[in-house]
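Numbering (the working numbering) for the sequence shown: 887 to 1162. Glycine residues also receive a C-beta, built at the ideal position from the N, C-alpha and C atoms. As the structure is a computational prediction, the values presented were derived from the model and not from experiment. For reference, the structure discussed in these notes is given below.
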Amino acid sequence: MQLRRGNGNQEGTRVVTCERRRVSEVTSLYEVVGEKFTQTVLAAKLQGEWEDAMFEQEVEMESKQGGMVPLLLIVTLIVAIVGVAIFYVMQARQVLTNEEARPAIIASLKDLGPVTIHFETGVVKASVEEKPRDPNYRLFEKNGLLKLGKDQGWKTPVSLTPKGEAMLAEVPGVQKSKDKDGADIYVVPVAERQLVDITKITMNGGTRAVVEFTWKWNPNKFGHLLDASGAEVKSFNTWDRATLIDKYGAKYYHAEPQKAVLAFAKGDKGWQIVTE
């Protein structure tokens, strides 16, 4: 910037005034720029403070969430433990009752099947295993059920009497067939096992049990005739009585109930008898 001195004329005055105006404009420009810079700095500072605040909030939230995760894991573990404990308690309380055991025991006794006897009618051939003159044929003849004819060598005519036919008709489950020589073969049920009482149930955990019970024979008319303690069987000698018991279905059908034990296990289908 140059200041020219004049001789008091107007030209010199305008030069000075012009130079001052330029200085003033430059100064104003710096003031505007400075103000904008200050505003920019303040805005940046505020932005930085806001970002710091947001960062602190995020850190705080993550800290809270991080604290919640272990808590949720602990709660889940406690719920699982309590659930398992309740399950085992409920299982331990699920005992086998008489009402549940009874049908299974009855079915088990039925599956054993009845005691059966067999005899033949027609021209019966004697064999090593059985002869028409054995004590079973003689017992039935003595009680009017069969009639034995005169031996024809090793063959004997045997016929069923009307009384025998009537008695067979009263017994369910009689099977009749023929042998290769044309003789009639009868297979006759004599007695079935019958449940008397369930005396004790011992639990072994929540899924196993031991059941003690009593059962007895339930004989039909043939069973009564073949009762080993009955008068008809006792009328034979010792040898014949032993043969009737060993080979021909005689038993103590009127004896006291017998004790027995069965093991039970609970599975998908409920309580069932198992073999241990």
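Contact check for residue 1134 against residue 1113 fails: the beta carbons are separated by 8 Å or more.
Distances from the alpha-carbon of residue 1058 to those of 1039, 1000, 959, 985 put 1000 closest. Separation of the CB atoms of residue 1018 and residue 1034 is rounded to 6 Å, and the pair is thereby assigned contact status at 8 Å.
DSSP, read as helix, strand or coil, puts residue 1048 in helix. Where residue 1119 is concerned, there is no enclosing beta strand (DSSP E), although the alpha helix (DSSP H) around it starts and stops at 1117-1120. Its Cα nearest to that of residue 1046, the residue 1009 stands out among 1123, 1115, 1009, 1087. From the listed residues 1159, 1051, 1080, 1039, the smallest Cα separation to residue 1094 is found for 1159.
Boundaries around residue 1033 are those of the beta strand (DSSP E), 1032-1034, since no alpha helix (DSSP H) includes it. For residue 1023, the enclosing alpha helix (DSSP H) starts and ends at 1021-1028.
Taking every protein chain shown into account, the CB of residue 1051 has fewer than 16 other CB atoms within 10 angstroms, so this residue is exposed.
Within the stretch 1068-1139, the complete beta strand (DSSP E) segments at least 3 residues long are 1070-1089, 1094-1105, listed from N- to C-terminus. Distance from the CA atom of residue 1107 to the CA atom of residue 1091, rounded to whole angstroms, is 45 Å. Annotated three-state conformation of residue 983 is coil, per DSSP.
In the DSSP assignment, residue 998 falls outside any beta strand (DSSP E), carrying neither H nor E.
Collapsing the DSSP output to three states places residue 962 in a helix.
Looking at the DSSP output, residue 1155 bridges to nothing. The beta-carbon distance between residue 1098 and residue 1145, rounded to whole angstroms, is 7 Å. This is short enough to meet the 8 Å contact definition. In this structure, the CA atom of residue 1039 is about 17 Å from the CA atom of residue 1069. By the neighbour-count definition (other C-beta atoms within 10 Å, threshold 16), residue 1152 is a buried residue. Under the three-state reduction of DSSP, residue 1012 is assigned to coil, being neither helix nor strand.
Using a 10 angstroms sphere on the CB of residue 1081, the tally of other CB atoms reaches 16 or more, which defines it as buried. The beta-bridge partner set that DSSP reports for residue 1148 consists of 1097. Collapsing the DSSP output to three states places residue 1043 in a strand. Residue pairing by DSSP places residue 1007 opposite 1070 in a beta bridge.
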